[in-house]
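Everything on this sheet refers to the single structure shown next.
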Amino acid sequence: MTQTDHQHQKDGQPQKAAPPADDTTMFIFGASGDLVKRLLVPSLYNLDRDGLLDRGMSIVGVDIAKHDDESFRGHLKDFIADKAADKHAEGGGQELDEDHWQDFAQRIHYLQGDFTESDVFEHIKGHLEQADSDNALFYCATAPRFFGDIATGLGKAGLMKEGDNRYRRMVVEKPFGHDLESARALNAQLLEVMKEEQIYRIDHFLGKETVQNILVARFANVLFEPFWNNHYIDHIQITAAETVGVEKRGSFYEKSGAMRDMVPNHLFQLLAMVAIEPPAAFGADALRSEKAKVLGALRPWPREEVRENSVRGQYRAGRLQDENVPGYRDEPDVDEDSNTETYVAMKMMVDNWRWVNVPFYLRTGKRLSARDTEIAICFKPAPYAQFRGTDVDRMNSNWLIIQLQPNEGMWFDFQAKRPGPELEIDTVKMGFAYKDFFDLPAATGYETLIYDCLTGDQMLFQRVDTIENSWRAVQPFLDAWAEDDSVEGYEAGSEGPQSAHDLLERDGRQWHKIGEVTGPGVAPVPGSSRRQTD
Ligand code: BG6
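Quick look at the structure:
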């Protein structure tokens, strides 16, 4: 986790600059794929622009597609220039600096090869022998079925052997396995040819500034931690709502569905950030041990309790942002009878001392009413209401809303006296919006993660035990759904299936409205009317 020198506070105070990473050759497998042009190379360009890459560092794209250095650079540049000019694109809004690009592009190369064959690894070896530095970072941006073969190929060619003056690391994209068994098998295959310290299992949510801020909010302030437990917290909601549909990823998504795509990785990582015990040190081992513990404490539901604690939904045609959008079954590369879920809601329990009886409700879905990734923490109501005419049962709760995107910040609902001769209590809001205090640089979110791979900081990467504990907790859902894959339709542009609302209602609770927190100000509080008067 680093701070780059282009981050400034609003008062112009620059943040501490990080040093450039060591000279390295970075090999990217699957170089002609979408991720590389959309996120990886733009992030490397941003890091270079900020002086965080060594001047000698080279990037070698490896793939089966036909390219040479020049055509590969051209293919990347056209895409990146268009995206940089588009202020709505992720990490966009800052024109490409032509001179800088020319300089940066000279360090990009291409190696054509089939990574299921051993030849390619011999070529990589040859390439490294010519390089100034012996350090190498191997990035798997391929389809997941190649991850294991690439690791084995690197291992057999002796490419993962480290020495006094050289490191060898491998980055593995998600999805890491498609269930507990396959995740274990992949871990075993990797660990046969490399050590855990060489493996960087990436989860791009952890590259988001606001996700990292959860730890800072919790552990750099004295205010929150004393209340962060079952004595004061009633329940926690974690939402990752998207307006986009499945886009062009139908064939991938058909096999994955919302659960595998979002839950054991992104949503559980958010849950872990909220629920972990304070780590003994701010370092990769201590933090990841705490995460593994809390994910290991997630209650695996018995098969017969899965249905009552989860909801599978699939979007139907509807209207979103003034446009008619098709249903999932009409998307390209999707089966017309598909029962793949595009929405999932679930209730999880963390079986430990701190969180006993505090449900964590998780939901994620595509084609929902608004884009909103947030953690909503509902505190228990005040134990006693001494105000005349105000019934304790009708007092609103305090809510802390941590919005991770698109309006990054934190908002806190509390009760205040409405001015006037009558004693009237109303719910008001205190807020912190990132944009009011910091300039958030145009960034993809991958910058921090790539820099960390290059500098050997594993703090924001998944460890073998966090991966396996996460799959263990979702496995009962996958098993139950394999027997009964019925899925409930919801209209595109809505807040999800009715059963998801029933899931909370059964517990006497309500979902926080998707996209409701858009900045400081008063917003309706779920669960009761805003006005508390008689
Ligand atoms: C990816 C999923 O990991 O995360 C996508 O595969 C999803 O389906 C995306 O859209 C969401 O990420 P973000 O950063 O846009 O919230």
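The number in the working numbering is simply the position in the sequence shown, starting from 1, with 1453 added. Glycine included, C-beta positions come from ideal geometry on N, C-alpha and C. From a predicted model like this one, the values you see are computed outputs, not experimental measurements.
Exposed or buried, what is residue i when buried is set at 16 or more other beta-carbons lying within 10 Å of its beta-carbon?
{"i": "V1845", "result": "In this prediction, V1845 scores a pLDDT of 46, lower than 50, which makes its location untrustworthy; the coordinate-derived value is nonetheless stated afterwards. With fewer than 16 Cβ atoms within 10 Å of its Cβ, V1845 is classed as exposed."}
{"i": "W1806", "result": "exposed"}
{"i": "H1965", "result": "buried"}
{"i": "D1503", "result": "buried"}
{"i": "E1649", "result": "exposed"}
{"i": "N1922", "result": "buried"}
{"i": "L1893", "result": "exposed"}
{"i": "A1558", "result": "buried"}
{"i": "V1803", "result": "buried"}
{"i": "F1914", "result": "buried"}
{"i": "K1708", "result": "exposed"}
{"i": "E1761", "result": "exposed"}
{"i": "K1744", "result": "buried"}
{"i": "T1901", "result": "buried"}
{"i": "T1795", "result": "buried"}
{"i": "H1684", "result": "exposed"}
{"i": "W1852", "result": "buried"}
{"i": "M1848", "result": "buried"}
{"i": "I1967", "result": "buried"}
{"i": "H1719", "result": "buried"}
{"i": "L1676", "result": "exposed"}
{"i": "P1977", "result": "The predicted model places P1977 with a pLDDT of 43, which falls under 50 and marks its position as unreliable; any figure quoted below should be read in that light. Label assigned to P1977: exposed."}
{"i": "T1569", "result": "exposed"}
{"i": "Q1651", "result": "buried"}
{"i": "F1890", "result": "exposed"}
For residue i, tell me which candidate among the options has the shortest Cα-Cα distance.
{"i": "G2002", "options": "H1688, F1865 and E1758", "result": "Outside the displayed span of the chain (1454 to 1987) sits residue 2002, for which this structure offers no information."}
{"i": "D1932", "options": "A1474, A1471, G1818 and D1632", "result": "D1632"}
{"i": "A1776", "options": "W1754, R1820 and A1926", "result": "Sequence inspection shows Glu at residue 1776; the Ala mentioned does not correspond to that position. Nearest C-alpha to E1776: R1820."}
{"i": "S1704", "options": "Q1774, A1596, L1529 and L1644", "result": "A1596"}
{"i": "V1489", "options": "D1738, L1639, P1472 and I1512", "result": "I1512"}
{"i": "A1484", "options": "W1681, Y1592 and F1914", "result": "Y1592"}
{"i": "I1828", "options": "L1913, V1727, G1606 and S1496", "result": "V1727"}
{"i": "T1692", "options": "G1509, F1525, Y1814 and S1850", "result": "Y1814"}
{"i": "K1614", "options": "S1571, K1627 and D1587", "result": "D1587"}
{"i": "Q1858", "options": "I1830, T1908 and V1970", "result": "V1970"}
{"i": "R1782", "options": "Q1555, Y1943 and L1607", "result": "Y1943"}
{"i": "A1594", "options": "I1655, Q1642 and S1571", "result": "I1655"}
{"i": "V1881", "options": "A1641, D1866, P1836 and Y1887", "result": "D1866"}
{"i": "A1953", "options": "N1860, V1917, T1817 and W1934", "result": "T1817"}
{"i": "V1778", "options": "W1864, V1716 and G1698", "result": "G1698"}
Return the bridge partner residues of residue i from the DSSP annotation.
{"i": "M1715", "result": "BP columns for M1715 are empty, so no partner."}
{"i": "W1852", "result": "C1831 and D1866"}
{"i": "Y1796", "result": "G1766 and G1818"}
{"i": "A1694", "result": "G1818 and D1825"}
{"i": "E1615", "result": "According to DSSP, which records beta bridges pairwise, E1615 is partnered with nothing at all."}
{"i": "A1589", "result": "T1478 and R1621"}
{"i": "Y1943", "result": "Y1768"}
{"i": "K1882", "result": "D1866"}
{"i": "M1802", "result": "P1812"}
{"i": "E1776", "result": "L1773"}
{"i": "E1988", "result": "As shown, the chain starts at 1454 and ends at 1987. That puts residue 1988 outside it, with no answer to give."}
{"i": "Y1563", "result": "G1514"}
{"i": "H1688", "result": "C1831"}
{"i": "Y1653", "result": "V1624"}
{"i": "Q1858", "result": "T1826"}
May I ask whether a heavy atom of ligand 1 can be found less than 7 Å away from the beta carbon of residue i?
{"i": "K1870", "result": "no"}
{"i": "E1695", "result": "yes"}
{"i": "D1556", "result": "no"}
{"i": "M1726", "result": "no"}
{"i": "M1715", "result": "yes"}
{"i": "T1478", "result": "no"}
{"i": "K1708", "result": "no"}
{"i": "Q1915", "result": "no"}
{"i": "Q1911", "result": "no"}
{"i": "Q1858", "result": "yes"}
{"i": "H1631", "result": "no"}
{"i": "H1719", "result": "yes"}
{"i": "K1536", "result": "no"}
{"i": "K1627", "result": "yes"}
{"i": "T1826", "result": "yes"}
{"i": "G1657", "result": "At residue 1657 the sequence reads His, which differs from the Gly that was named. True, at least one ligand heavy atom lies under 7 Å from that Cβ."}
Does residue i have its Cβ less than 8 Å from a Cβ in chain B?
{"i": "V1759", "result": "The displayed structure is made up of one protein chain only, and chain B is not part of it."}
Assuming residue i and residue j are in contact, meaning their beta carbons sit under 8 Å apart, how far apart are those beta carbons, in whole angstroms?
{"i": "A1589", "j": "A1770", "result": "The pair is not a contact, with the Cβ atoms about 49 Å apart (cut-off 8 Å)."}
{"i": "R1622", "j": "Y1653", "result": "6 Å"}
{"i": "A1926", "j": "L1748", "result": "7 Å"}
{"i": "F1478", "j": "A1604", "result": "Phe is not the amino acid found at residue 1478; the sequence shown has Thr there. So it is not a contact: roughly 18 Å between Cβ atoms."}
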